[in-house]
Structure formats: C-alpha cells, structure tokens
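Q: Order-wise, the sequence lines are chains A and B. In short: position in the first sequence from 1, add 8, done, that's the numbering used here. In short: position in the second sequence from 1, add 8, done, that's the numbering used here. Here it is, the structure, as structure tokens.
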Amino acid sequence: MTDVVATNETILVVGGGISGLTAALETAECGKDVVLVEKNPSVGGRVAQLYKYFPKLCRPSCGQEINLRRLKANKRIRLLTMAEVTNVEGAAGNYDVSITIHPRYVNENCTSCGACAEAVAVEIDDPFNYNMKKIKAAYLPYNMAYPQRYVIDPSIIGSEDANKAKAACKYDAIDLDMQEQTIEIKVGAVIWATGWRPYDAAKIQPYGYDRYPNVITSVEFERMMDPFGPTGGKLLRPSDGKEAKNIAFIQCAGSRDRNHLTHCSRICCMASLKQSTYIGEQYGDDAEAKATIYYIDIRAIDRFEDFYKKVQADEKVQFVKSKVANITENRDTGEVVLHGVDTEGYHRYDNTHDLCVLAIGMEPSVRADQIADNVAADAAGFIQMNGAGGTIFGAGCATNALDVNRAVQSATAAALRAIQVVNRVSSAEA
Amino acid sequence: MSDVNTAMVQKYRNDFLKEVEENVEEGHWVKMCMQCGVCSGSCPFGPDWAHPPQEIFMMIRAGKRDEVLTTESMWMCTSCYNCIVRCPRELPITHIMHGLANYAHRLGIAPKMNPTRRFSIIFWNNITKTGRVNELALSLKLYFMDGFMSGIKNAMAMASVGIGMLKTKRLNPFALINHKGVKNPKQLHVLLKKAREIEDRRKGIAS
Chain A
9 MTDVVATNET ILVVGGGISG LTAALETAEC GKDVVLVEKN PSVGGRVAQL YKYFPKLCRP
69 SCGQEINLRR LKANKRIRLL TMAEVTNVEG AAGNYDVSIT IHPRYVNENC TSCGACAEAV
129 AVEIDDPFNY NMKKIKAAYL PYNMAYPQRY VIDPSIIGSE DANKAKAACK YDAIDLDMQE
189 QTIEIKVGAV IWATGWRPYD AAKIQPYGYD RYPNVITSVE FERMMDPFGP TGGKLLRPSD
249 GKEAKNIAFI QCAGSRDRNH LTHCSRICCM ASLKQSTYIG EQYGDDAEAK ATIYYIDIRA
309 IDRFEDFYKK VQADEKVQFV KSKVANITEN RDTGEVVLHG VDTEGYHRYD NTHDLCVLAI
369 GMEPSVRADQ IADNVAADAA GFIQMNGAGG TIFGAGCATN ALDVNRAVQS ATAAALRAIQ
429 VVNRVSSAEA
Chain B
9 MSDVNTAMVQ KYRNDFLKEV EENVEEGHWV KMCMQCGVCS GSCPFGPDWA HPPQEIFMMI
69 RAGKRDEVLT TESMWMCTSC YNCIVRCPRE LPITHIMHGL ANYAHRLGIA PKMNPTRRFS
129 IIFWNNITKT GRVNELALSL KLYFMDGFMS GIKNAMAMAS VGIGMLKTKR LNPFALINHK
189 GVKNPKQLHV LLKKAREIED RRKGIAS
C-alpha cells in the first residue's frame, strides 16, 4: 500500500471529500497519475454524512456510488487513507511531500464480515455521527465506506480486546503490529481539498450549546434523519429521547459575526430551508409539527430562490426576522426558550421549542497559511487563489464556503490547473 | 426650542443620519447596523424601552429626528455592555446611546423630567464644583430630587444603611461643609471650559 511510485508528473490531491474525489477523478480520467490522500479511514467526507442534498432533496449516496465506481475503475489513482500530508516543499512541477500514514491495524485481507466488531467489547464515540452514537472500537466507518475495510481504534491496541478481535478474524486481516510510517514522494502539482469543519458552537456563549442538550448543530440534525444514524432516522431530543416536533432553526450561528466568523458561510440558509422539509417528511400532517426559522436575511441565491419560495408556502414553516439574542432552558421540560426582538415590528418574543438547531458556520479544516509558505490565506483562513500558476491549487471548501455544486466546480477548475502544470513539466522533459 | 436646535434643523434638513454621524459620539457607526436585533433582545431593560436600540438606528436612518431626540429610550441604558459584546458588527451601541442622550440634552429637547437626565446634571454639577464627588451632598440631592416630603421618605428608608456607614467610618457627616476637592478647582473649570469650546467648534455649535 505504501509503495507509492510518484514522479514530478504525478498530481497529489489532499483530501478525499467530494472536492478531492472530483479533482482526483477528473485529473486521472485525463490520463494523469494521482495520489489521493485522505485523513479518515474512508473517502466521502462531509457529503457522505448528509441525508439529502438541496435543492433537489435527493440522496448524496447516489452520487457517491457513481464516484466510487469511477474510483475503483481507475488504475491511475493511488488512494492513501488514514494519511496526512505533513510537509510540502518545492515549486510548480517539483514538490517534495511528506505523508504520515497512521496504522489501521487491518490489512487488505479484510472482507468486512464484522466478526472483529462482535468480539470487541469497548465502545468509542462515532465521529461519522458527530459523536452522538457509540460504536465498537473495531468498526467500519459507515456502510458505504471505501475502502470497505474495518478499522481498529488505537485506544484498544495492547488490550485484551485487540487480541479478541485478532482471534475472531478468519482471514488473517488484523495486524496489531502495524506502525505509523512516513513516506516521501515527489509530485508535479498539488490540489489542496481539505474542506471545512463546523464552527465550534460552544463558542457562541448565549446559545448554550455546551449547556443545553436540546441545542444542536445543523450537521448533527442531519445525522438524525439517517436510518443508520444515532436516532435511527427519527427526530428525537437528545435530553430525553422524546420526539421533537416544534423545531427552531437559528441562522448565522457563528457566521457574519465579528465575534466569530466574519464571512457568510453561504450554505446555512439553504441547509435550514432543506431541513425544515424534514419535519413534514417525518410527521406528515401532524398539526403540532412545525419549523421556525430565525434569520437576519435569507440568502437563497440564484436558482435557490424557487426553493425558498416553496418553503415559504409551506404552512409548517414560519419565518421570524431576528437574530436570537439568547437561549434559556426550561429545566422541568427540557424545552429551550429563544429570546429576542423581531425586526418586523420590534416585537419581543420568548418562544418555546422542543429542539433548537444552530445553522452552524463553515471554517476551513486546515488554515491556508499552515499548508506551505507560498499559499495565501484570506481573513477567514481559506486558500486565496493567486495568479501565479504552479503553486498549490485549492479546491472546494478549502478555498471558500461553498455548497456541493460549487465545490465540484471549484475542484474541476483546480484539476485543470494542475493538469496544465504537469503538462508543462512533461513537454519540457520531452 | 433652543437656538442650537433650530440651527441644526436648518443645517441638516432631512438628513438626520448625517447629523448623528457628525454630532453624536460614535454616531458614524449607525449606518453599519444590519438590523439583526441582537442588541434589543440582549438588553436587560429591553421590555421597558419605547424604542429598542435596533429600532432607534432604523429611526435615525428613516429621518425621524424629533421622535429619536425626544424619546426617553436611550436614557434607559445602564451601560451593561451586553449589546456591544453580542453585536455581530461590533457597534459601540452603549456609547451611541449615551451619545444620543447627550446630544438631545445639548439641543435642549431631551425629556425634561427624565430621572437619568436629572441625575446626570446633579452629578456633573457636583463633581465639577470641586473636582471630586461629594458623595454625601450627591446622595442628599438625589433623595430630595422630587421634593421635600419624598426626600424625607427616601432618607428614612436608607437610614439604617447610613447609620451602618457612619459606624464603620465610611461616611463623614462633616463632608457636607468641609468637602475636600482637588488642589486647584479654578484651573479645572478653565480646563473644562476649554474642552467644551473645542467640542462645540468641532460640531459647529455656536456657544
């Protein structure tokens, strides 16, 4: 797996989410050799954690299946999972890259039979479900994970559980002696697609994400709708497991705020509009089920305007033009109470809801100025594209707060730029 | 209406936002408000305001000069700074509220009987007289602000606190006649007069 042969005509793609996958596939399908590095045990990224896409409300698993078929069919892509780029040096056409590969403790003999997970007793937080669920310390990251191979969590290495897992494996797939290793490769161009992470909601002190169990983030809410998710596809309150019917959405949670992220995260308005439709999907005509969206202004741009209009026409969804000032909790019922003043009439409200979803902002997973010396960061830490060709090309949410559609466009653009660089290298050498 | 007020109405006509920007402390921030409403929702005195800060900013932009300058709303501000802490655009809302109150007062159109305004005048006169606050005189003046009878009532209500302070030597009854001010209060008065002149010149107010 680690015998990566790369030359200065190889393209390195960092990050195996939707942007990195797209960039890797498109460069490889143009006949270039690609090394795709993913930090997690599986490709797919945050898109794989979504229940539905906006505005069409279709399932991301559908597109992922197509991408995985393309990936499996393409011999030019060398995929390294549980791997992180630790150093990038050089210039266009000639980069030296260090990659650290963390041990998975499971080799390619794995058939995903699941016998190791049955043998192991220790449970760990499931990062795929934003730690809302426990999984065995020998696990498949998620059903559609690729590679379809189990992972032994490093926390049980050296324990009795690890030995039990090894003993349970009929295929000799578990290798508890795997070590972390660092490899050095040469590449001609780098596409940086490390994506985004949700802003730390606990930092928005007045909303009490760290204090009230029924204040959750939009990414956590998304996981609830998954039939394999922490609640088995039901909208349940974390405090007591009761059905949440009266649900509040708070927009700009962490975004457009000089105390947090100054930029607009772009996707949150559409995400909440989309998530408001889940309530109808879950409860049908139940009169108690309703969504209330608290917003400064709804930013549903271009063709999304139609979707916004459709949601506005939905009787289950109410809009309140106001940034919520603070949230308190009714200790007896676990309900959350949102306080504020609405801008349309300046009416003071103290509204009670079962559950409050913070439409959380996007920040880059890796700050651009931490990648390499010649990568420019904007104020929010996203990669700033500069005109000097042949540097490290950003793709997707590493460059800006983007929805999936725009992230894929950005990845295709980065793929083209990288191809241009390695083409220049090969014509110079010919 | 005062002469200053008439002059300002003449000068700015329908552009109240510009008037606020040029004459109110931190007034140039008003146009930055994006009407999210966090300030109004965060104000502990919020329910008691006729117009919460967010609405005042909108009224300024809408040119509602008389409504803004004669309202008691901004006099409600207790300087808790909750609004400044939470404002997503970091507007110095507390300072703007005090700035508006001060400006309305300068123009002579602030609500005459507003208790905060009256206290501010009493406090200002007290501290500038000698350069140090005469706490006993200030308290008594405050008690008797609404007349002799209510003053007696207020003083009686606070009697136990006063006796306690007397016992622990936190209150000196002779301070009423023998208050120790700064070394040279006359010089302080010259200084304050000059500061007022400079401010008026900057704002274009003929004093």
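Yeah, the Cβ is synthetic: ideal placement off N, Cα and C, and Gly gets one too.
1) Do you know how far the Cα of V55/A is from the Cα of Q62/B?
2) Quick check: is the beta carbon of G397/A nearer than 8 Å to any beta carbon in chain B?
3) Just tell me which of V21/A, Y59/A, T30/A and A14/A has its CA closest to the CA of L243/A.
4) Look at the alpha carbon of G292/A and the alpha carbon of V223/A, and state the distance between them as a whole number of angstroms.
5) Have a look at T351/A and K83/A and give me their C-alpha separation to the nearest angstrom.
6) According to DSSP, is H197/B helix, strand or coil?
7) In the DSSP assignment, find the alpha helix (DSSP H) that holds W132/B and state where it starts and stops.
8) Could you have a look at H36/B and say whether DSSP puts it in helix, strand or coil?
9) Can you tell me which of the three DSSP states E80/B falls into?
10) In whole angstroms, what separates the C-alpha of T300/A from that of F257/A?
11) What distance in whole Å lies between the Cβ atoms of R86/A and V159/A, which are believed to be in contact at a cut-off of 8 Å?
12) With a 10 Å radius around its C-beta and 16 neighbouring C-beta atoms as the bar for buried, classify A426/A as buried or exposed.
13) Identify, in the order they occur along the chain, each residue of the same chain with its Cβ nearer than 6 Å to the Cβ of G216/A, setting aside the five sequence neighbours on each side.
14) Within 10 angstroms of the Cβ of F53/B, are there 16 or more other Cβ atoms? Answer buried if so, exposed if not.
15) Going by the beta-carbon positions, is the gap between D169/A and V130/A smaller than 8 Å?
16) What are the residues that DSSP puts in a beta bridge with D133/A?
17) Tell me the residue span of the beta strand (DSSP E) that contains Q378/A.
18) Does the beta carbon of T360/A sit closer than 8 Å to a beta carbon anywhere in chain B?
19) Determine, using beta carbons only, whether D208/A comes closer than 8 Å to chain B.
20) Exposed or buried, which one is A333/A when buried takes at least 16 other CB atoms within 10 Å?
21) List the whole-angstrom C-beta distance separating C260/A from S226/A, where the pair is believed to meet the contact cut-off of C-beta under 8 Å.
22) My understanding is that R231/A touches Q378/A, with C-beta atoms under 8 Å, so please give their C-beta distance in whole angstroms.
23) For G98/A, which of helix, strand or coil comes out of DSSP?
24) Counting only Cβ pairs nearer than 7 Å, list the residues of chain B close to H347/A.
25) Rounded to whole angstroms, what's the CA-CA distance from R266/A to V46/B? Just pull it up for me.
26) Mind pulling the chain A residues with CB within less than 9 Å of G45/B?
27) In whole angstroms, give me the CA-to-CA distance for K202/B and A118/B.
28) Given that a residue counts as buried once 16 or more other Cβ atoms are within 10 Å of its Cβ, and exposed if not, what is G397/A?
29) Cβ closer than 9 Å: which chain B residues qualify as neighbours of R264/A?
30) Scan the segment 62-79 of chain B for residues whose Cβ lies nearer than 9 Å to a Cβ of chain A and list them as they occur along the chain.
31) May I ask you to check if the CB of I306/A is nearer than 7 Å to at least one heavy atom of the ligand SAM?
32) Any beta carbon of chain A sitting closer than 8 Å to that of P52/B?
33) Which chain A residues are close to P55/B, counting only those with a beta carbon under 7 Å from its beta carbon?
34) Does any residue of chain A bring its CB to less than 8 Å from the CB of P100/B?
35) Relative to the C-alpha of V105/A, which candidate in H361/A, V21/A and Y286/A has its C-alpha closest?
36) Got a sec? Which residues, its chain only, sit under 7 Å from G159/B by beta carbon, not counting five neighbours each side?
A: This is what the structure holds:
1) The sequence position of residue 62/B within the second sequence is 54, counting from 1. The sequence position of residue 55/A within the first sequence is 47, counting from 1. One C-alpha to the other measures close to 38 Å.
2) For the purposes of this step, residue 397/A is taken as the residue at position 389 of the first sequence. Residue placement at G397/A is flagged as unreliable, the pLDDT there being 47, under the threshold of 50; the coordinate-derived value follows with that caveat. Not an interface residue.
3) Numbered from 1 along the first sequence, position 235 holds the residue referred to as residue 243/A. When each option's Cα is compared against that of L243/A, the closest is Y59/A.
4) Stepping through the first sequence from its first residue, residue 292/A is reached at position 284. Stepping through the first sequence from its first residue, residue 223/A is reached at position 215. Each residue's alpha carbon lies about 24 Å from the other.
5) Counting from one through the first sequence, the residue named residue 351/A turns up at place 343. Counting from one through the first sequence, the residue named residue 83/A turns up at place 75. For T351/A and K83/A, the distance between alpha carbons rounds to 57 Å.
6) Looking up residue 197/B in the second sequence gives position 189. Three-state result, H197/B: helix.
7) Within the second sequence, residue 132/B is the residue found at index 124, counting from 1. Element bounds for W132/B: P123 to T138.
8) Residue mapping note: residue 36/B aligns to position 28 of the second sequence, counting from 1. If DSSP states are grouped into helix, strand and coil, H36/B belongs with the helices.
9) For the purposes of this step, residue 80/B is taken as residue 72 along the second sequence, with counting starting at 1. In the structure shown, E80/B sits in coil (DSSP, three-state: anything other than H, G, I, E or B).
10) Here residue 300/A refers to the residue found at position 292 of the first sequence. Here residue 257/A refers to the residue found at position 249 of the first sequence. Spanning the two alpha carbons is a distance of roughly 6 Å.
11) Residue 159/A sits at position 151 when you count from the first residue of the first sequence. Residue 86/A sits at position 78 when you count from the first residue of the first sequence. No, V159/A and R86/A are not in contact; Cβ-Cβ is about 20 Å, not under 8 Å.
12) Reading the first sequence from its first residue, position 418 is the one you call residue 426/A. Flag for A426/A reads buried.
13) Looking up residue 216/A in the first sequence gives position 208. Excluding sequence neighbours, G216/A sits near V223 and I335.
14) Residue 53/B sits at position 45 when you count from the first residue of the second sequence. That one is exposed.
15) In the first sequence, counting from the first residue as 1, residue 169/A sits at position 161. In the first sequence, counting from the first residue as 1, residue 130/A sits at position 122. For D169/A and V130/A, yes; Cβs fall inside 8 Å.
16) On the first sequence, position 125 is the one that residue 133/A refers to. DSSP output for D133/A lists K142/A as bridge partner(s).
17) Stepping through the first sequence from its first residue, residue 378/A is reached at position 370. Q378/A -> no beta strand (DSSP E), and no H or E assigned at all.
18) Translated into the one-based positions of the first sequence, residue 360/A becomes position 352. So, not an interface residue.
19) Counted from its first residue, the first sequence places residue 208/A at position 200. Cβ-Cβ to chain B under 8 Å: no for D208/A.
20) One-based indexing of the first sequence puts residue 333/A at position 325. When all chains shown are included, A333/A counts as buried.
21) Translated into positions along the first sequence, residue 260/A becomes position 252. Translated into positions along the first sequence, residue 226/A becomes position 218. In fact, because the Cβ distance is near 12 Å, the residues do not count as touching under 8 Å.
22) The residue you call residue 231/A lines up with position 223 of the first sequence. The residue you call residue 378/A lines up with position 370 of the first sequence. With a Cβ gap of about 28 Å, R231/A and Q378/A do not count as contacting.
23) Taking the first sequence and counting its residues from 1, the one referred to as residue 98/A is at position 90. Looking at G98/A - three-state DSSP - the assignment turns out to be strand.
24) Locating residue 347/A in the first sequence gives position 339, counting from the first residue. Going along chain B in sequence order, the residues near H347/A (Cβ under 7 Å) are G49.
25) Within the first sequence, residue 266/A is the residue found at index 258, counting from 1. Within the second sequence, residue 46/B is the residue found at index 38, counting from 1. Those two C-alpha atoms are separated by around 13 Å.
26) Reading the second sequence from its first residue, position 37 is the one you call residue 45/B. I304, K329, S330, K331, V332, A333, G348, V349, D350, T351 and Y354, listed in chain order.
27) Within the second sequence, numbered from 1, the residue matching residue 202/B stands at position 194. Within the second sequence, numbered from 1, the residue matching residue 118/B stands at position 110. Approximately 24 Å, taken between the alpha carbons.
28) Counted from its first residue, the first sequence places residue 397/A at position 389. Because the pLDDT at G397/A is just 47, under 50, the model does not fix this residue reliably, and the value given afterwards should be weighed accordingly. Exposed: under 16 other Cβ atoms inside 10 Å.
29) The residue given as residue 264/A occupies position 256 in the first sequence. Per Cβ cutoff of 9 Å: M42, C44, P96 and R97.
30) Q62, E63 and M66
31) The ligand SAM is not part of the structure shown, which contains no ligands of any sort.
32) Within the second sequence, residue 52/B is the residue found at index 44, counting from 1. Chain A contact via Cβ: absent.
33) By 1-based counting over the second sequence, the position of residue 55/B is 47. R356, listed in chain order.
34) Translated into the one-based positions of the second sequence, residue 100/B becomes position 92. Cβ-Cβ to chain A under 8 Å: no for P100/B.
35) As a working note, residue 105/A is residue 97 in the first sequence. If we check each option's Cα against that of V105/A, V21/A comes out closest.
36) What you label residue 159/B is simply residue 151 of the second sequence in a count that begins at 1. Same-chain partners within the cutoff: Y151 and F152.
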